[in-house]
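Going by the UniProt record's numbering, 124 is the number at position 124 of the sequence shown; the sequence numbering is gapless. Okay, so here's the structure we're looking at.
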Amino acid sequence: MDFKGDAGSCVCVRVSSYNNPRYLGIIGYGEKETIDSAAAVAAAAAAAIKERPKARSIGLFKGTASKTTTTPQVERLTLFTIDKERTQKALEAALRVASGVHIARQLVNAPANYCTTVTLAKAAEAIAKEGGLECRILNKEEIEELGMGCYLAVAKGSMYPPLFIHLIYRSKDCPPAAAAAAAPAAAAAAPAAAGAPTTAATAAAAAAGAAGGGGGDREEGDQSSDPSYNSGSPGGTTAAATPSAAAAAAAAGAAGGGEKKIKKIALIGKGLTFDSGGYNVKRAETSIEMMKFDMSGAAAVLGAAAAVAAAAPIGCIEVHFLAAAAENMISQSAYRPGDIIQSSNGITIEVGNTDAEGRLTLADTLVYAEETLHADIIIDIATLTGACIVALGDTYAGLFSPDDQLAQQILQWYTL
1 MDFKGDAGSC VCVRVSSYNN PRYLGIIGYG EKETIDSAAA VAAAAAAAIK ERPKARSIGL
61 FKGTASKTTT TPQVERLTLF TIDKERTQKA LEAALRVASG VHIARQLVNA PANYCTTVTL
121 AKAAEAIAKE GGLECRILNK EEIEELGMGC YLAVAKGSMY PPLFIHLIYR SKDCPPAAAA
181 AAAPAAAAAA PAAAGAPTTA ATAAAAAAGA AGGGGGDREE GDQSSDPSYN SGSPGGTTAA
241 ATPSAAAAAA AAGAAGGGEK KIKKIALIGK GLTFDSGGYN VKRAETSIEM MKFDMSGAAA
301 VLGAAAAVAA AAPIGCIEVH FLAAAAENMI SQSAYRPGDI IQSSNGITIE VGNTDAEGRL
361 TLADTLVYAE ETLHADIIID IATLTGACIV ALGDTYAGLF SPDDQLAQQI LQWYTL
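Put into structure tokens, the structure is as follows:
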């Protein structure tokens, strides 16, 4: 170990001693007390304090929900610091993100007979209740009213119902004058202004990126077996008594009006709780047994919702968390290759391959985010194709965007 104690340098040492700290963090202070030296030490300490607990918490995660015996978890982490208040704030920020990651991983690790569409909906309701988010779970009849023919076609073959998950975080900074009564999901949102601080966007994107689960769909804990889940009305409470007016349509970008401007961000997660491929059934070499991971996008979005709710980011902001939960199965009622279906914006689609189900469920969800919510920024997270793993391996995620500036922002947010 070549540690010289230069200002701002740091090293983590494993200590082999019983009943004492197992790891010791050492930060170099430099040769003498100078302003620059103190600043370098403070920067290194802040970075270490913020990132280490998050990395440790995520690294210590173990998916033991289905195991007969469980491994004991670390119960306490002790930090010695000269600035208790600052350290506590950094720890709280790190653990908010780590908690969201844990939620996502618990859902992703669950087998498909545990994590059904009903399970995802109940998890969303629990997150909303805990974090004070608005929650609406749309059942099959309500989805039909929205004309989501692509989404419904994919779900036709499963015994579990399609359930459309919509969580909403509304910042307290949104002015009461800009608030309006909550509109039905099927109604068009009223126009208003766009543009706001990106602090909430940063929190949402960073949390969603960190929470993303593993596994890739090779497309061309509740054991409920009740397929009749029906919520229909908001299942959670929100800190804001009334919602704010809708932001301008994504295509327009911005519109004037209002003392404060509201920005809408939509995070969309692919929510296929299991993907058999349908009648274009997956082959053994495509790892069909791993297709419980096809809801990783939805799990990441739900984890992000929990993290954002806990962080309560500032700015006149709305963050919408969306997932079209479904299962792509084979049965007498399943959709077939060659079927013609209609999306919620009226476009007809001929099904060439039933294993291309992800883009169908996402299509209707994207239409909802753009035409009903009028979101300014739309980010979808999906295990859409195994070709991404072929190209990039299992370490990196692929990012595609028609907006280079937004793409750069997302890359910056991800490193926070």
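The beta carbon of each residue, even a glycine, is placed where N, CA and C say it ideally should be. The model shown is predicted, which means the values in this text are computed figures rather than measured ones.
- By a beta-carbon distance limit of 8 Å, residue 310 contacts residue 96. Their separation comes to about 4 Å.
- Classified as buried, residue 268 has 16 or more neighbouring CB atoms from the shown chains inside 10 Å of its CB.
- Ranked by how close their Cα comes to the Cα of residue 165, the residues 142, 109, 83 have 142 in first place.
- With a cutoff of 8 Å on beta-carbon distance, residue 372 and residue 273 are scored as not near each other.
- Boundaries of the alpha helix (DSSP H) around residue 102: 84-109.
- Residue nearest to residue 280 within the set 356, 133, 132, 146 is 356 (criterion: CA-CA distance).
- Secondary-structure assignment with DSSP links residue 135 through a beta bridge to 167.
- Using a Cβ distance threshold of 8 Å, residue 404 and residue 263 do not count as a contacting pair.
- Counting along the chain, no alpha helix (DSSP H) covers residue 172, and no H or E run does either.
- At a Cβ-Cβ threshold of 8 Å, residue 296 and residue 383 count as neighbours.
- Exposed is the label assigned to residue 81, since fewer than 16 other Cβ atoms lie within 10 Å of its Cβ.
- Here the alpha carbon of residue 105 sits roughly 7 Å from the alpha carbon of residue 299.
- The region 393-411 and the region 315-330 do not touch, with fewer than three beta-carbon pairs separated by less than 8 Å.
- Shown here, residue 268 sits in a strand according to DSSP, grouped into three states.
- Counting along the chain, the unbroken beta strand (DSSP E) around residue 12 starts and ends at 10-14.
- The alpha carbon of residue 167 has as its nearest neighbour, out of 154, 128, 150, 140, the alpha carbon of 128.
- Less than 8 Å divides the Cβ of residue 363 from the Cβ of residue 343.
- Residue 322 has 166, 268 as its beta-bridge partners, per DSSP.
- Cβ-Cβ separation between residue 361 and residue 326: approximately 6 Å, consistent with a contact (criterion under 8 Å).
- Shown here, residue 119 sits in a helix according to DSSP, grouped into three states.
- Here the alpha carbon of residue 26 sits roughly 43 Å from the alpha carbon of residue 115.
- Within the same chain, Cβ atoms closer than 7 Å to the Cβ of residue 337 are found at 279, 280, 351, 352, 353, 354, the five residues on either side in sequence being excluded.
- Taking residue 282 as reference, the option from 329, 158, 270 with the minimal CA-CA separation is 329.
- The C-beta of residue 347 has fewer than 16 other C-beta atoms within 10 Å across all chains shown, which makes the residue exposed.
- For residue 406, the enclosing alpha helix (DSSP H) stretches over residues 404-414.
- DSSP places residue 151 outside any beta strand (DSSP E); the residue lies instead in the alpha helix (DSSP H), whose first and last residues are 149-155.
- Counting only runs of 4+ residues, the alpha helix (DSSP H) found wholly inside the region 284-363 occupies 296-311, in chain order.
- Leaving aside the five residues that flank residue 291 on each side, the residues in its chain whose CB is nearer than 6 Å to its CB run, in chain order, 274, 275.
- Assignment of residue 263 by DSSP, reduced to helix, strand and coil, places it in the strand class.
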